[in-house]
Amino acid sequence: RFKTRHGIKSYRRFRESGSIIIENIEYALPQIRAKLKIFYWKDIYNMDETGLFYRLQAYHSLARKQLEGRKKDKERLTIVVCYNGDGSDKVPLWVISKNW
Numbered sequence: 001r002f003k004t005r006h007g008i009k010s011y012r013r014f015r016e017s018g019s020i021i022i023e024n025i026e027y028a029l030p031q032i033r034a035k036l037k038i039f040y041w042k043d044i045y046n047m048d049e050t051g052l053f054y055r056l057q058a059y060h061s062l063a064r065k066q067l068e069g070r071k072k073d074k075e076r077l078t079i080v081v082c083y084n085g086d087g088s089d090k091v092p093l094w095v096i097s098k099n100w
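For the sequence shown, counting from 1, position 31 maps to 31 in UniProt numbering; every step adds exactly one.
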């Protein structure tokens, strides 16, 4: 009610979005599981990376009127996580940056 009373709305700042084709995943998953059956979980590792845009503005904001958009700040850190299937070996995080 407070937002309505004061004319504040939530506005989304638009960005690109990725798309996933679920049918492709559903088709490939049984094949992948069959291939993994010959290995022990402790010998299967997963490594994943994610970007952290630590100076990026929020996509949503509360305001009385639409706010101006700004160019995205592209400074980012890449964080890498790696561990094995049964969780007995968790490799320390890697943090990668161009500016350090």
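Note that beta-carbon positions come from the ideal geometry of N, C-alpha and C, so glycine has one too.
DSSP state of glutamate 26 mapped onto helix, strand, coil: helix
Have a look at arginine 5 and glutamate 68 and give me their C-alpha separation to the nearest angstrom. 23 Å
Residue range of the alpha helix (DSSP H) that lysine 3 falls in? 2-5
Integer Cβ distance of methionine 47 from valine 80, believed to fall under 8 Å: 7 Å
Could you spell out the range, first to last residue, of the beta strand (DSSP E) harbouring tryptophan 41? No beta strand (DSSP E) holds tryptophan 41; DSSP gives it neither H nor E.
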